[in-house]
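The structure appears below as structure tokens.
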Amino acid sequence: MLQATPSLASPVYSFTNATATGSSGPTQSNVNSAYSGTSLAAAVTVNTQGVQEWTVPFSGNYSFEVVGAHGAAATTATNVRGGRSVKITATRSLTAGDIVYIVVGQAGTADASNGGGGGASFVSIGSRTATTNLLVAGGGGGTRTGTAVDGGDASTTTAGTTSSSASSGTAANLDNTTNQGGTGGLATVGYGGRMSSSWGDAGAGWLGDGLDDGYGARVVAGALRGTAVGGSGAQSGGFGGGGAGAGSSGGGGGGGYTGGNGGWVAGGGGSFDAGFASVTKAIDSARSFNRGGTPVHGYVTITSLGPSVSSFSPTTTLTNSTTLTYDLVFTQSVTGLISGDFTVSGTGSSTCSVGSPSGSTTTYQIQVTGCSAGTVVLALRPNSVANSTSQTGPPDTATASTVTIDRTAPTISSVETPSATTYGPGTNINFTVRFSESVTVTGTPRLPLTIGSTQRYATWVSNTDSRTAVFRYNVATDPLDIDTNGVSLTSPAETSGAVIADLAGNNMTNLSFTSPNLTAVKVAQRAAAPTINSISPSSATLSVAFTAGSDNGGTITSYQYSTDNGSTWRNRASGGTTSPISITTRSDNGVNLSNNAAYQVRIRALTTLNDTATAGESSTAVTATPTDRPSNTVPPSISGSVSVGSRLTASTGTWTNSPTSYSYRWSRSQTLGGTYTAIAGATSDSYTITSGDNSYFIRVAVTATNS
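Using this note's numbering, you'd call the opening residue of the sequence shown number 1 and step up by one each time.
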């Protein structure tokens, strides 16, 4: 640990007007005298009067405070002050040997009638004229006698502010981008301002001079990237491009990136930044150049920032180890880092020991050993190291991310029930397993699963998030994979060589779990093939009598049939699960049986598996041919004697479609054409008359079939 004296803690380089006043900046002699005995002694060169050149002594980060000068108010003005300047703060890194060009704005001067504009302050890195690494803080505008209006403040934007041409005018705070003049005379940001009538010169901009009001100014305000001189007339504008207060009493515009307008009440200059970080711009309200008061000059302060921490982090934020490793990187090369520069806090820190840091220059590594379970926070004390110029740092405590030491192994919190349904072959039974904390899985652990009386396993598939995994069993096409009472899981889970570990590296050893209720999670196979017992053909119809096969754990809900040996299947129209199945021409499913055509008929059962109708195994094909019914062309006739005991014989008559069999039904009626009643037992092709037939008319009905 280093304890630096305040003078070494943060070298500060303060640039001032070095006692110069008015429109011209300091000479080499001025700065030599003003900076004697300071950090800038013999370190500033003046090649162009007023432009201070400083060579960066060592590489590092620096802060900048750049403030323009205030404008002046005529000494007989009423309750007014000159316009205020802009204050800029910023940071950036500098390299040893860089040349920094600095102009410190000087306050405008005043007499009883006139007030000159304040000069701008600027800092430019590496170039006197470029704008790539530039800060410009605008100066305030001057104001004249006979007005109660303050001089216009500088602007935090690149444009200057406008002016007023009357004693009752408001404070000059309007945009100046359309009212620029000076060298170039263009309406372009970066040039000098214009005058307002004949009351005072305009301030200079970065690119161009201010405009002369024509009333006796000896020198107009010079462009900042040029001479940067203030205007000189009745009263001078400040060095840094401040316009002269001149004419028939007036105020000079403030210098800036764009010059402020001259006028009765003059405007302030604009401001600019490029190539710097953490830039802020604000009006310099802490100081005020009151009528007849002390002039408010600008200033530039550059502070070398000591080493700071670029990064400080543990190699892991979650571990089960007793040893923690931290990487520490500084913005500059440092020395003096020791274990005593660190503090340890957190719930697991009471037993920690900080080892000696290893590494050098900007990069170090620190090990903390012997820590307990809990949290550990390592911090670096402020001002514990120093760079090559004895600057200490970091300015504030640097704290690494919290490390959690976890030595508790994960467990299974719960196993969730899969969807309640009957699962069939090829479908997945998924079990969601939740762990007590985030885990990683290496290998394929499994859950013991019983289906019926058969041991199966649901194996790990993936983690859906860090604390949740899916274990899966794919139902096999196997008669052993049938369970109508619900499957079951058996605790504990099995690793089978796999490793389940939390993010701290603790392996799971307790794999026990509480099995969920799985009575609604059933397994079945496809229904077995039914057997076709017979097929009765008729005209465009087949009647299929069958015997059902085993449901294999499912519930048969209906049947399908095929008339093309299983190429096309159709749902039976009605009848549910009963035999027979009637196959006939229907408009609802497209079947169209043709008589005398052969069909290969198959049937199969439907069961509900996975909430979907699932077809079972198909029966063996049976060939059947529907035929047209015979049609009578010559009616049958009766022959024989009509007397008791005589035998009557019926002929078949003549039929189409080649009947293969005939059936007979004899009946009688008391009146010809009346109601005929069937004679019991009279169903052959002949009938013997009995005494009971007296007074009756007898007839016979013949039915021909070809099936």
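For glycine and all other residues, C-beta sits at the position ideal for the given N, C-alpha and C.
Since the structure is predicted, the reported quantities are computational estimates derived from the model, not experimental observations.
Start-to-end residues for the alpha helix (DSSP H) that takes in residue i
i	result
Val31	28-34
Distance between beta carbons of residue j and residue i, contact taken as under 8 Å
i	j	result
Ala154	Gly268	3 Å
Thr143	Val86	Not really, about 18 Å apart at Cβ, beyond 8 Å.
Ala469	Val433	5 Å
Asp23	Phe342	Sequence inspection shows Ser at residue 23; the Asp mentioned does not correspond to that position. Their Cβ separation, rounded to whole angstroms, is 57 Å, which puts Ser23 and Phe342 out of contact at 8 Å.
Ile102	Val300	5 Å
Gln235	Asn114	4 Å
Ala223	Gly205	7 Å
Gly275	Gly119	That belief does not hold up - the Cβ atoms of Gly275 and Gly119 are roughly 22 Å apart, past 8 Å.
Leu503	Ser414	Contact flag wrong, Cβ pair sits at about 20 Å.
Per-residue DSSP class, three states only, for residue i
i	result
Ser124	strand
Gly505	coil
Ser413	strand
Asp628	coil
Asp327	strand
Gln49	coil
Ser340	In the sequence under discussion, the amino acid at residue 340 is Gly, which differs from the Ser named in the question. Three-state DSSP puts Gly340 in a helix.
Arg699	strand
Ser691	helix
Ile581	strand
Gln332	coil
Asn517	coil
Asp175	With a pLDDT of only 37 at Asp175, under the threshold of 50, the placement of this residue in the model should not be trusted, and no figure is reported.
Ile679	coil
Ala400	coil
Gln560	strand
Phe239	coil
Gly115	strand
Arg472	strand
Pro314	strand
Gly374	strand
Arg570	strand
Thr442	strand
Continuous beta strand (DSSP E) stretch holding residue i: start and end
i	result
Val461	454-465
Pro479	Run containing Pro479: none; DSSP gives neither H nor E here.
Gly83	Run containing Gly83: none; DSSP gives neither H nor E here.
Asn61	60-67
Trp264	Neither: Trp264 is in no beta strand (DSSP E) and is coded neither H nor E.
Thr369	363-369
Trp710	This structure cannot speak to residue 710, because the chain is shown only from 1 to 707.
Leu648	647-650
Gln391	Looking at the DSSP string, Gln391 is not in any beta strand (DSSP E), and its letter there is neither H nor E.
Arg604	599-609
Ala282	277-283
Asp273	272-274
Phe431	428-435
Thr158	Looking at the DSSP string, Thr158 is not in any beta strand (DSSP E), and its letter there is neither H nor E.
Gly359	358-360
Glu617	612-618
Tyr257	Looking at the DSSP string, Tyr257 is not in any beta strand (DSSP E), and its letter there is neither H nor E.
Thr531	531-538
Residue i, buried or exposed, once every other Cβ within 10 Å from all chains shown has been counted against 16
i	result
Thr16	buried
Asp396	exposed
Ala465	Sequence inspection shows Asp at residue 465; the Ala mentioned does not correspond to that position. Asp465 is exposed by the Cβ-count criterion.
Gln525	buried
Asp481	buried
Gln52	buried
Thr19	exposed
Glu416	exposed
Thr495	buried
Val338	The question names Val, but residue 338 in the sequence shown is Ile. The residue in question, Ile338, is exposed, as its Cβ has fewer than 16 Cβ neighbours within 10 Å.
Arg128	exposed
Gly497	exposed
Gln455	exposed
Asp478	exposed
Asp442	One detail in the question is off: residue 442 reads as Thr in this sequence, not Asp. The residue in question, Thr442, is exposed, as its Cβ has fewer than 16 Cβ neighbours within 10 Å.
Pro11	buried
Asn571	exposed
Ser658	exposed
Report yes or no: do the stretch 607-624 and the stretch 548-568 share at least 3 C-beta pairs separated by less than 8 Å?
yes
Any contact of the stretch 319-335 with the stretch 360-370, i.e. 3+ C-beta pairs under 8 Å?
yes
Counting pairs of beta carbons, one from the stretch 517-533 and one from the stretch 618-633, are three or more of them closer than 8 Å?
yes
When you compare the stretch 399-413 with the stretch 63-76, are there three or more beta-carbon pairs, one atom per stretch, that lie closer than 8 Å?
no
Three Cβ pairs or more, each shorter than 8 Å: is that satisfied between the stretch 312-331 and the stretch 364-377?
yes
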